[in-house]
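Number of protein chains: 2
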Amino acid sequence: MIKYSPFEGLTSGETAEIRSCLCPIEKIYGKGDIIMQFSDKDRNLGLVDSGTAYLIRIDIDGNRSIIDYYESGDVFGKMLAPESEIDAYYILAKEKCRISFFNYDKLLSKCKNNCIKHTVLLNNLLMLTLKKAQMHIDILSQRTTRQKLITYFDYQRNKNLSDTFTLPLSLSDLSDYLSIDRSAMMREIRNLKEDNLISADGNRFTLKNSRYTYADC
Amino acid sequence: MIKYSPFEGLTSGETAEIRSCLCPIEKIYGKGDIIMQFSDKDRNLGLVDSGTAYLIRIDIDGNRSIIDYYESGDVFGKMLAPESEIDAYYILAKEKCRISFFNYDKLLSKCKNNCIKHTVLLNNLLMLTLKKAQMHIDILSQRTTRQKLITYFDYQRNKNLSDTFTLPLSLSDLSDYLSIDRSAMMREIRNLKEDNLISADGNRFTLKNSRYTYADC
DNA sequence: AATTACCTGTTGCATTTGCAACAAAAATAA
DNA sequence: TTATTTTTGTTGCAAATGCAACAGGTAATT
């Protein structure tokens, strides 16, 4: 499985060069802070240095969904976000976060050195965001709660290269990300345990069906 | 609402230049033909000149889902497609299609003229695919059949700039794209009619709730 | 240390959704 | 044309899911 990152295909020297060329601004956010609101004025792109954050959608009826989540190395911004005239989207700090903000007018323009590295970076950002979106579609398009859970767990297994892994989300938030009722999800997790397909201790899970292992990748 | 297209931001002259530079190969497919299978050998990117095609997923249990669909101007290819070791993905011609294939090694490499247009094209392709994926997530993350339908119809209204529009999918295929049971979907469409929120004749629909119109965009 | 807020886990019950099956209509092929 | 396949539309029933409410545990805050 290919791991996509913003600086994929760039050496650490080039990465440093881009960083100094684009001179990002670092900010710290506390739990529950709103990091970005996607107003027209906001010409920044956020790179998560540490902590976790959510992309939240509030729809016309006030329902809250977790559309995406960001861990260290993930990136967000208006350019990469869904647009809507109806729903509100914002980035929420789930825990204390350190974020580097890049001005993306600088990112989009050619720099003095006429280097194509900006473009490589831009492509990486788009590809990274696309792959996460495709993963989410893969999960959401599963027909049952059970299949949504198993598909999500399978991605976690591949990401962690281990049958045992700790969820990056609380169970409560996971149900939001999977777009299912929390109590129904808890019920199905119990069923999966009873069917001996998983075991779990808190939010540390082990996938027991070994038909397809991360080693197959 | 911004309309994304592969050649967005390029003049018709530049578009022609790219086409001649990349010299795409045109092919015609009949209804039901498999256009692309995402094998490693396939280094092509397909642009739909006419007709419609689907991105199909067949999961481990044999279930078929429509993950994406392509109309004139849309683009597909291994680079833009989900990857999976478990599920099979392929592009299926829904009706007679004319497709232009671009070699994307050529696309990714700099051309002799050192033009950045290839890169613009690449960014457009990624952005186009991302926006479609985000739309799909927006729809699939709706909790009820009713909300999935209304959200989908709303996108169609915006795309067509009219409260009345013809679906680009058959109702049968729409249920696959929305990941819901067809009969349940038919039942909910009937309910929507009875609640006077929509009217429909065949697969020509009119959205009657005018809280938010395309004019607001 | 005490208080508060949040998260986990559970249950009964109502509602929604999926499943299976069928008939009619429409589109496609022979 | 006629035959065949696909799509639409419907229904009864079973199963899955959502809703509301609550209790206990854990983490965060004062």
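In the order they appear, the protein sequences are chains A and B.
Here the first sequence is numbered in the working numbering, starting from 1 and rising by one per residue.
Here the second sequence is numbered in the working numbering, starting from 1001 and rising by one per residue.
The C-beta atom is built at its ideal place from N, Cα and C for all residues, glycine as well.
Just so we're clear, the structure is a prediction, and the values are computed from it rather than from any experiment.
> Below 8 angstroms between beta carbons: does that hold for B/T1145 and B/I1198?
Replying inline: For the purposes of this step, residue 1145 of chain B is identified with residue 145 of the second sequence, where counting begins at 1. For the purposes of this step, residue 1198 of chain B is identified with residue 198 of the second sequence, where counting begins at 1. Cβ distance not < 8 angstroms, so B/T1145 and B/I1198 don't count as in contact.
> Rounded to whole angstroms, how far is the Cβ of A/N158 from the Cβ of A/S5, which I believe are closer than 8 angstroms?
Replying inline: In the first sequence, residue 158 of chain A corresponds to position 158, counting from 1. In the first sequence, residue 5 of chain A corresponds to position 5, counting from 1. In fact, because the Cβ distance is near 16 angstroms, the residues do not count as touching under 8 angstroms.
> Beta-carbon separation of B/L1069 and B/L1169 under 8 angstroms?
Replying inline: Within the second sequence, the letter at position 69 stands for residue 1069 of chain B. Within the second sequence, the letter at position 169 stands for residue 1169 of chain B. Sequence inspection shows Tyr at residue 1069 of chain B; the Leu mentioned does not correspond to that position. Contact flag set, yes.
> Can you tell me where the beta strand (DSSP E) with B/K1027 in it begins and where it stops?
Replying inline: The residue you call residue 1027 of chain B lines up with position 27 of the second sequence. Its beta strand (DSSP E) spans residues I1025 to Y1029.
>> Strictly under 8 angstroms for the Cβ-Cβ distance: is A/R143 near chain B by that measure?
In response: The count along the first sequence starts at 1 and reaches residue 143 of chain A at position 143. Yes, because at least one Cβ of chain B sits closer than 8 angstroms to the Cβ of A/R143.
>> Whole angstroms are fine: how far does the CA of A/N196 sit from the CA of A/M79?
In response: Along the first sequence, read from residue 1 onward, the residue named residue 79 of chain A stands at position 79. Along the first sequence, read from residue 1 onward, the residue named residue 196 of chain A stands at position 196. One C-alpha to the other measures close to 43 angstroms.
> Just reading off the alpha helix (DSSP H) that B/D1154 is part of, what are its end residues?
Replying inline: Start at 1 with the first residue of the second sequence, and residue 1154 of chain B comes out as number 154. Per DSSP, B/D1154 belongs to the alpha helix (DSSP H) from T1145 to N1160.
> Which residue or residues does DSSP assign as beta-bridge partners of A/Y177?
Replying inline: Here residue 177 of chain A is taken as the residue at index 177 of the first sequence, counted from 1. DSSP output for A/Y177 lists no bridge partner at all.
> Should the segment 35 to 52 of chain A be called in touch with the segment 82 to 90 of chain A, which here means at least 3 C-beta pairs below 8 angstroms?
Replying inline: Yes: at least three Cβ pairs fall under 8 angstroms.
> Does the separation of the CB atoms of B/Y1029 and B/A1093 fall below 8 angstroms?
Replying inline: For this step, residue 1029 of chain B is matched to residue 29 along the second sequence. For this step, residue 1093 of chain B is matched to residue 93 along the second sequence. Their beta carbons are under 8 angstroms apart, which means B/Y1029 touches B/A1093 by this criterion.
> Straight-line CA distance for A/L10 to B/L1126?
Replying inline: The sequence position of residue 10 of chain A within the first sequence is 10, counting from 1. The sequence position of residue 1126 of chain B within the second sequence is 126, counting from 1. Distance between the alpha carbons of A/L10 and B/L1126: 19 angstroms.
> So, is the C-beta of B/E1014 closer than 8 angstroms to a C-beta in chain A?
Replying inline: The residue labelled residue 1014 of chain B in the question sits at position 14 within the second sequence. No, B/E1014 does not count as interfacial toward chain A.
>> Between B/P1082 and chain A, is any beta-carbon pair separated by less than 8 angstroms?
In response: What you label residue 1082 of chain B is simply residue 82 of the second sequence in a count that begins at 1. Yes, its Cβ sits closer than 8 angstroms to a Cβ of chain A.
> In chain B, which residues lie with their C-beta within 7 angstroms of the C-beta of A/Q134?
Replying inline: In the first sequence, residue 134 of chain A corresponds to position 134, counting from 1. Result: P1082 and A1133.
>> For B/I1060 and A/I150, what's the separation of their Cα atoms in angstroms?
In response: Numbered from 1 along the second sequence, position 60 holds the residue referred to as residue 1060 of chain B. Numbered from 1 along the first sequence, position 150 holds the residue referred to as residue 150 of chain A. Roughly 12 angstroms separates the two Cα atoms.
> Mind checking whether A/L121 and A/L107 have CB atoms under 8 angstroms apart?
Replying inline: As a working note, residue 121 of chain A is residue 121 in the first sequence. As a working note, residue 107 of chain A is residue 107 in the first sequence. It is a contact, given that the beta carbons lie within the stated cut-off.
>> Which residues in chain A have a C-beta closer than 7 angstroms to the C-beta of B/L1149? List them in chain order.
In response: Within the second sequence, the letter at position 149 stands for residue 1149 of chain B. For B/L1149, there are no C-beta contacts with chain A under 7 angstroms, since the nearest C-beta of that chain is about 15 angstroms from it.
>> Quick check on DSSP: helix, strand or coil for B/I1065?
In response: Here residue 1065 of chain B corresponds to residue number 65 of the second sequence, with the count starting at 1. Per the sequence shown, residue 1065 of chain B should be read as Ser rather than Ile. Reduced to three states, the DSSP call for B/S1065 is strand.
> Taking Cβ-Cβ distances shorter than 7 angstroms, what residues in chain B pair up with A/T206?
Replying inline: Here residue 206 of chain A is taken as the residue at index 206 of the first sequence, counted from 1. Below the 7 angstroms Cβ cutoff, chain B contributes no neighbours of A/T206, its closest Cβ being approximately 19 angstroms away.
>> Buried or exposed for B/D1105, going by 16 or more other Cβ atoms inside 10 Å?
In response: As a first step, residue 1105 of chain B must be located in the second sequence, where it is residue number 105. Exposed.
>> Out of B/D1049, B/R1019 and B/E1014, which one is the CA nearest neighbour of B/K1027?
In response: By 1-based counting over the second sequence, the position of residue 1027 of chain B is 27. With distances taken between CA atoms, B/K1027 lies nearest to B/D1049 out of B/D1049, B/R1019 and B/E1014.
> What is the residue span of the alpha helix (DSSP H) that A/A184 lies within?
Replying inline: Within the first sequence, residue 184 of chain A is the residue found at index 184, counting from 1. Where A/A184 is concerned, the enclosing alpha helix (DSSP H) stretches over R182 to E194.
> Using a C-beta cutoff of 8 angstroms, does B/C1217 count as contacting chain A?
Replying inline: Residue mapping note: residue 1217 of chain B aligns to position 217 of the second sequence, counting from 1. In this prediction, B/C1217 scores a pLDDT of 36, lower than 50, which makes its location untrustworthy; the coordinate-derived value is nonetheless stated afterwards. Chain A contact via Cβ: present.
> Does B/N1123 get closer than 8 angstroms to chain A when you measure Cβ to Cβ?
Replying inline: One-based indexing of the second sequence puts residue 1123 of chain B at position 123. Interface residue, yes.
> In terms of residue numbering, what span does the alpha helix (DSSP H) encompassing B/T1015 cover?
Replying inline: For the purposes of this step, residue 1015 of chain B is taken as residue 15 along the second sequence, with counting starting at 1. For B/T1015, the uninterrupted alpha helix (DSSP H) segment begins and ends at S1012 to L1022.
>> On the DSSP letters alone, give me the boundaries of the beta strand (DSSP E) that A/Y90 sits inside.
In response: Locating residue 90 of chain A in the first sequence gives position 90, where the first residue counts as 1. Looking at the DSSP string, the run of the beta strand (DSSP E) that includes A/Y90 is A88 to A93.
> Among B/T1166, B/Y1152, B/R1143 and B/R1190, which residue has its Cα nearest to the Cα of B/M1135?
Replying inline: Your numbering for residue 1135 of chain B matches position 135 in the second sequence. Nearest of B/T1166, B/Y1152, B/R1143 and B/R1190 to B/M1135, Cα basis: B/Y1152.
> Would you say A/G46 and A/I99 are within 8 angstroms of each other, going by their C-beta atoms?
Replying inline: Residue mapping note: residue 46 of chain A aligns to position 46 of the first sequence, counting from 1. Residue mapping note: residue 99 of chain A aligns to position 99 of the first sequence, counting from 1. A Cβ-Cβ contact shorter than 8 angstroms links A/G46 with A/I99.
> When burial is assigned at 16 or more other CB atoms within 10 Å of the CB, is B/G1051 buried or exposed?
Replying inline: As a position in the second sequence, residue 1051 of chain B is number 51, starting the count at 1. Buried, by the Cβ-count rule.
> Along chain B, in chain order, which residues have C-beta atoms closer than 7 angstroms to that of A/M185?
Replying inline: On the first sequence, residue 185 of chain A is found 185 positions in, with the first residue counted as 1. Under the 7 angstroms cutoff, chain B gives no residues; its nearest Cβ is about 13 angstroms from A/M185.
> Name the chain A residues whose beta carbon is nearer than 7 angstroms to that of B/M1127?
Replying inline: Along the second sequence, read from residue 1 onward, the residue named residue 1127 of chain B stands at position 127. For B/M1127, the chain A residues whose C-beta falls within less than 7 angstroms of its own C-beta are L126, listed in chain order.
> For A/I58, does the count of other Cβ atoms within 10 angstroms reach 16, so buried, or fall short, so exposed?
Replying inline: As a first step, residue 58 of chain A is located in the first sequence; it is residue number 58 there, counting from the start. Here A/I58 is exposed: its Cβ has fewer than 16 other Cβ atoms, across all protein chains shown, within 10 Å.
> Which residues in the same chain have their Cβ closer than 6 angstroms to the Cβ of A/E95, if we skip the five residues on either side of it in sequence?
Replying inline: Along the first sequence, one-based indexing puts residue 95 of chain A at 95. So the qualifying residues of the chain are K31, G51 and T52.
> Quick one: is A/L174 near chain B, going by C-beta distance under 8 angstroms?
Replying inline: To locate residue 174 of chain A, count along the first sequence from 1; it is residue 174. For A/L174, the nearest beta carbon of chain B is not closer than 8 angstroms to its own beta carbon.
> Hey, B/T1043 and B/N1103 are a contact pair by Cβ (cut 8 angstroms); roughly how many whole angstroms apart?
Replying inline: By 1-based counting over the second sequence, the position of residue 1043 of chain B is 43. By 1-based counting over the second sequence, the position of residue 1103 of chain B is 103. The sequence as given places Arg at residue 1043 of chain B; Thr does not occur at that position. Taking the Cβ atoms as the reference, B/R1043 lies roughly 6 angstroms from B/N1103, within the contact range of under 8 angstroms.
> Between which two residues does the alpha helix (DSSP H) containing A/D105 stretch?
Replying inline: Counting from one through the first sequence, the residue named residue 105 of chain A turns up at place 105. From DSSP, the alpha helix (DSSP H) with A/D105 extends over Y104 to L108.
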